[in-house]
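Everything below concerns the one structure shown next.
Residue numbers (this note's numbering): 212 to 630.
Below you can see the structure in the form of structure tokens.
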């Protein structure tokens, strides 16, 4: 017991460099007389201790004293401190004494750079490598460069001084000092690409204790009052703080929260479907209603985002024309009967000779009662569509599958239909 106490005194003094006999006695739950006897024992063993009287005095270690830690490399020391911090986060250790003692022994900051939660990070070799690179940059105090995508989908190259990894709301985040913004920022790891070490070393900075991600530029916060069906309770408790939730006698849940008014909020609220009702502000009910109508119209009219009236059944990357025809008959006349463009709005339609809107053709193919490219063949139109498909990220699907679908569909259109 005495030997253990002697080491504890030594670790405390290595960490703090100075402590009063009273402080040591209270911490180790012994008398001050016992502490003085222990100090004499340490001095007799060759530990360079001395006592300083007066205000600010106490028992001190000589400044040049360090424990021999050469048996472990710097990387091994970091891994030990990381592992101990992780064990503490799981509740696997009842106190921080071991972490404190080893941090003092290594003269390293063992705690504070990591907040650990063992929920699945999302796996994947690239993600795990990114995580390792961020961790190394924090431990080595080196800058980190990466391409970052914000919530609006905009991307840019950032160079930051990493400080802390944080696991929050099911995702890993990096708290870092952004060199471009000259301020602390939060970065979500899954939005970081092309990570690379930066130049030089990070200057000493003290990160803020808590930092919320700033709202997207130009977005204002809105205070919402939401009512959720009992079946959504598990998701509500995942996303909202308990102080924001109140359970009603009928089992419904009310949530008061503030979010930036942006596309993410719209997607988030829609993700609850019929399990959610917006009580206030009232205009958000109109926003959700309009978006729901757009979704409903897309499927009721069988419109695709790509503009083609088709959801082709795909087998091994190729469209299945037989099933395609069976599910979506192409003889319905709500697409241009020349190029297949959807005719959803009046301005999409071409014009007849008298100025009336065409019932069959779009304004690209047909104006003033005549085709804009009278000599074009069906192959010409298909080639034009395929060129558009290749230059715009393949909205119609892979080139081979898109061409096969068009060649099955276009002969049914009015301009190319054979009598």
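All residues carry an ideal CB built from backbone N, CA and C; glycine is no exception.
On a Cα-Cα basis, can you pick out the residue from the options that is closest to residue i?
| i | options | result |
| --- | --- | --- |
| residue 569 | 588, 590, 545 and 240 | 545 |
| residue 229 | 249, 261 and 449 | 261 |
| residue 353 | 416, 235, 263 and 273 | 416 |
| residue 557 | 565, 574, 564 and 548 | 574 |
| residue 238 | 220, 482 and 498 | 220 |
| residue 251 | 234, 223, 224 and 217 | 217 |
| residue 580 | 587, 566 and 586 | 566 |
| residue 592 | 418, 559, 547 and 560 | 547 |
| residue 391 | 382, 420, 359 and 375 | 359 |
| residue 225 | 618, 247, 271 and 472 | 271 |
| residue 233 | 438, 609 and 268 | 268 |
| residue 346 | 286, 481 and 583 | 286 |
| residue 491 | 437, 505 and 503 | 437 |
| residue 585 | 560, 550 and 605 | 550 |
| residue 227 | 443, 244 and 273 | 273 |
| residue 504 | 481, 404 and 486 | 481 |
| residue 552 | 596, 388 and 414 | 596 |
| residue 452 | 459, 443, 619 and 466 | 466 |
| residue 473 | 255, 256, 361 and 249 | 361 |
| residue 449 | 459, 479 and 460 | 479 |
| residue 634 | 241, 493, 388 and 365 | Summary: the structure shown does not reach residue 634, with the chain confined to residues 212 through 630, and so no result is reported for it. |
| residue 387 | 393, 372 and 401 | 372 |
| residue 348 | 502, 414, 618 and 587 | 414 |
| residue 594 | 611, 582 and 404 | 611 |
| residue 402 | 506, 368 and 258 | 368 |
For residue i, which beta-bridge partners are listed by DSSP?
| i | result |
| --- | --- |
| residue 460 | Beta-bridge pairing links residue 460 to no other residue. |
| residue 397 | 386 |
| residue 432 | 471 |
| residue 379 | 382 |
| residue 631 | Since the displayed the chain opens at 212 and closes at 630, residue 631 lies outside it and no answer follows. |
| residue 367 | 359 |
| residue 553 | 546 |
| residue 466 | 437 and 456 |
| residue 230 | 270 |
| residue 489 | 437 |
| residue 419 | DSSP, once it has assigned bridges, lists no residue as partnering residue 419. |
Tell me which residues share the same chain as residue i and place their Cβ nearer than 6 Å to its Cβ, disregarding the 5 neighbours each side in the sequence.
| i | result |
| --- | --- |
| residue 328 | Confidence at residue 328 is low in this model, with a pLDDT of 46, below 50, so the placement of that residue should be treated as unreliable; the coordinate-derived value is given next. Around residue 328: 378. |
| residue 406 | 341, 344 and 357 |
| residue 384 | 377, 397 and 399 |
| residue 642 | Because the chain is modelled from 212 through 630, residue 642 falls outside the range shown and cannot be assessed. |
| residue 533 | Summary for residue 533: the model assigns pLDDT 45, below 50, so the residue's position carries little reliability; its value from the coordinates is reported in the next sentence. Once the five neighbours on either side are set aside, residue 533 has no close Cβ partner at all. |
| residue 618 | none |
| residue 254 | 260 |
| residue 404 | 358 |
May I ask you to report which of helix, strand or coil DSSP gives residue i?
| i | result |
| --- | --- |
| residue 540 | Only weak support exists for where residue 540 lies, its pLDDT of 43 falling under 50; the value from the coordinates is given anyway. Reduced to three states, the DSSP call for residue 540 is coil. |
| residue 219 | helix |
| residue 403 | strand |
| residue 224 | helix |
| residue 483 | coil |
| residue 262 | strand |
| residue 439 | strand |
| residue 570 | strand |
| residue 624 | coil |
| residue 497 | helix |
| residue 611 | helix |
| residue 561 | strand |
| residue 507 | helix |
| residue 353 | coil |
| residue 243 | helix |
| residue 594 | helix |
| residue 374 | strand |
Grab me the residues of residue i's own chain with a C-beta within less than 7 Å of its C-beta, minus the 5 sequence neighbours each way, in chain order.
| i | result |
| --- | --- |
| residue 462 | 441 |
| residue 543 | Note that residue 543 scores 46 on pLDDT, short of 50, meaning its location in the model is unreliable and no value can be drawn from it. |
| residue 631 | The structure shown does not extend to residue 631, since the chain is modelled only from 212 to 630, so the question has no answer here. |
| residue 498 | 477 |
| residue 409 | 353, 354, 355, 356 and 370 |
| residue 366 | 358, 359 and 360 |
| residue 263 | 269 and 271 |
| residue 458 | 464 |
Just to confirm, are residue i and residue j a CB contact at a threshold of 7 Å?
| i | j | result |
| --- | --- | --- |
| residue 476 | residue 483 | no |
| residue 468 | residue 488 | no |
| residue 613 | residue 600 | yes |
| residue 187 | residue 246 | The chain is shown from 212 up to 630; residue 187 falls before or after that span and cannot be answered. |
| residue 447 | residue 439 | yes |
| residue 375 | residue 419 | no |
| residue 486 | residue 444 | no |
| residue 627 | residue 589 | yes |
Examine the ligand GTP and report whether any of its heavy atoms sits within less than 6 Å of the Cβ of residue i.
| i | result |
| --- | --- |
| residue 569 | The model depicted lacks the ligand GTP and carries no ligand whatsoever. |
For residue i, which residues of its own chain have a beta-carbon under 8 Å away from its beta-carbon, when the five flanking residues on both sides are left out?
| i | result |
| --- | --- |
| residue 562 | 568, 569, 574, 577, 578, 579 and 580 |
| residue 629 | 622 |
| residue 242 | 236 |
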